[in-house]
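Numbering (the working numbering), first residue to last: 757 to 889.
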């Protein structure tokens with residue numbers, strides 16, 4: 757198995773869980789307790805990994821979102837997901853770029869902007885994936 761959803765970047769996509777992934781804690785956006793999100797790390801073959809930020813809109817109205825997801829195991833690797841509408845009750849995912857993890861702790865995190873707020877995004881708590889040496 758390889759990690760291939762990176763081709764989805766820079767667009768929000770359906771979350772398709774694989775057999776090997778781990779997620780960090782769920783948090784809410786500072787603008788709304790009804791908008792929750794978290795970052796997960798998908799593990800592919802070898803040391804290949806990919807961060808993904810999941811966003812769920814539990815509000816009764818649609819929202820506009822924009823996001824960025826980071827691969828902490830490769831500090832210069834991050835991906836943007838363009839402005840998009842997220843319907844009430846919907847779940848979406850921003851897939852980061854695939855890259856090779858390192859031995860030890862690998863972490864990823866996301867930044868979520870919503871409803872035209874271009875400053876002060878909410879950040880997810882980190883997702884961690886350990887690769888033994």
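Ideal placement from N, C-alpha and C gives every residue a C-beta, glycine not left out.
Roughly how many angstroms separate the alpha carbons of residue 830 and residue 822, rounded to a whole number? As a first step, residue 830 must be located in the chain shown, where it is residue number 74. As a first step, residue 822 must be located in the chain shown, where it is residue number 66. Using only the alpha carbons, I get a separation of about 22 Å.
Have a look at the DSSP bridge pairing and note the partners of residue 817. In the chain shown, counting from the first residue as 1, residue 817 sits at position 61. DSSP, once it has assigned bridges, lists no residue as partnering residue 817.
Just how far apart, CA to CA, sit residue 857 and residue 782? Sequence index remark: in the chain shown, residue 857 carries index 101 (1-based). Sequence index remark: in the chain shown, residue 782 carries index 26 (1-based). The C-alpha of residue 782 is placed about 23 Å away from the C-alpha of residue 857.
Continuous beta strand (DSSP E) assignments of at least 3 residues falling wholly in the segment 817 to 861: Runs of the beta strand (DSSP E) inside the segment 817 to 861: 819 to 827, 833 to 842, 847 to 851.
With three or more C-beta pairs closer than 8 Å as the rule, is the segment 863 to 871 touching the segment 766 to 776? No, they do not touch.
By Cβ distance, which residues of its chain are closer than 6 Å to residue 834, with the 5 residues on each side in sequence left out? For this step, residue 834 is matched to residue 78 along the chain shown. Once the five neighbours on either side are set aside, the close Cβ partners of residue 834 are 824, 826.
Could you give the first and the last residue of the continuous beta strand (DSSP E) run that contains residue 789? Position 33 of the chain shown, counted from the start, is the residue given in the question as residue 789. That run of the beta strand (DSSP E) goes 788 to 799.
Under the rule that 16 or more other beta-carbon atoms within 10 Å means buried, what is residue 878, buried or exposed? Here residue 878 refers to the residue found at position 122 when the chain shown is read from its first residue. Residue 878 comes out buried.
Less than 9 Å between CB atoms is the rule here; does residue 879 satisfy it with respect to chain B? This model lacks chain B altogether; it includes just one protein chain.
Limits of the beta strand (DSSP E) - the one that residue 880 falls within: The residue labelled residue 880 in the question sits at position 124 within the chain shown. Careful: residue 880 lies outside any beta strand (DSSP E) and carries neither H nor E.
Distance, Cα to Cα, residue 801 vs residue 786? Locating residue 801 in the chain shown gives position 45, counting from the first residue. Locating residue 786 in the chain shown gives position 30, counting from the first residue. When only Cα atoms are considered, residue 801 and residue 786 end up about 36 Å apart.
Identify the residues that DSSP records as bridge partners of residue 811: which are they? Here residue 811 refers to the residue found at position 55 when the chain shown is read from its first residue. DSSP output for residue 811 lists 793, 848 as bridge partner(s).
Would you mind sorting residue 841 into buried or exposed? The rule is 16 or more other CB atoms within 10 Å of its CB. Within the chain shown, residue 841 is the residue found at index 85, counting from 1. When all chains shown are included, residue 841 counts as exposed.
Applying the criterion that 16 or more other CB atoms from any shown protein chain within 10 Å of the CB defines a buried residue, is residue 855 buried or exposed? Taking the chain shown and counting its residues from 1, one reaches residue 855 at position 99. The C-beta of residue 855 has 16 or more other C-beta atoms within 10 Å across all chains shown, which makes the residue buried.
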